[in-house]
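What follows is a set of notes on a single structure, which appears directly below.
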Amino acid sequence: MSAIYQCLYHLQQKVTSNLNTYTALNYEMLGGILILVMVSPVYLIFNDISDIHLSYSDISYLLLLSTVFTALLYLVMIGVTAKLSAFTENLTLNLEPVYSILWAMVLFNKQKELNGSFYIGVLLVFLSVFLQNRSVKQG
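Under numbering that gives the first Met the number 0, the first residue of the sequence shown carries the number 0, and numbering increases by one thereafter.
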């Protein structure tokens, strides 16, 4: 699975290096919407969603997360794709779950069972990003 993602990333890097950043983001978001529209009916067949009730605050959080923390940050990521190596960028993307958990702790004041293995995993990801950036700077 990792090899497939790496191939897709290299393909994206080649395609987006010739495109305007905003154009690339529009294509990628349009592709995501099309896939979501195609997959949603299948999901609805196998899952009951009648017990899901969204409040206005839930919808506002979803809009905030989808615009600022997804589309806007993805736009920045496309901009730096040409400047960073694929390995460095993928390594940095491994921090996304950590950011998500930290934002959930801040926004919702929820700290669910974060045991020692979570902190060891976070430490390993931070250490790998630090060592990779250090080796890139040294040559």
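For each residue, glycine too, the CB sits at the ideal point set by N, CA and C.
All figures in this text were calculated on a predicted structure; none of them were measured in a lab.
CA-CA distance, His9 to Gly78, rounds to 15 Å. Of the residues assessed, Ala103 falls on the exposed side of the cut-off, its CB having fewer than 16 other CB atoms within 10 angstroms.
When DSSP states are grouped into helix, strand and coil, Asp57 belongs to the helix group. Lys13 sits in a helix when the DSSP states are folded into three classes. Fewer than three beta-carbon pairs drawn from the segment 92-108 and the segment 33-44 are found closer than 8 Å, and the two stretches are therefore not classed as touching.
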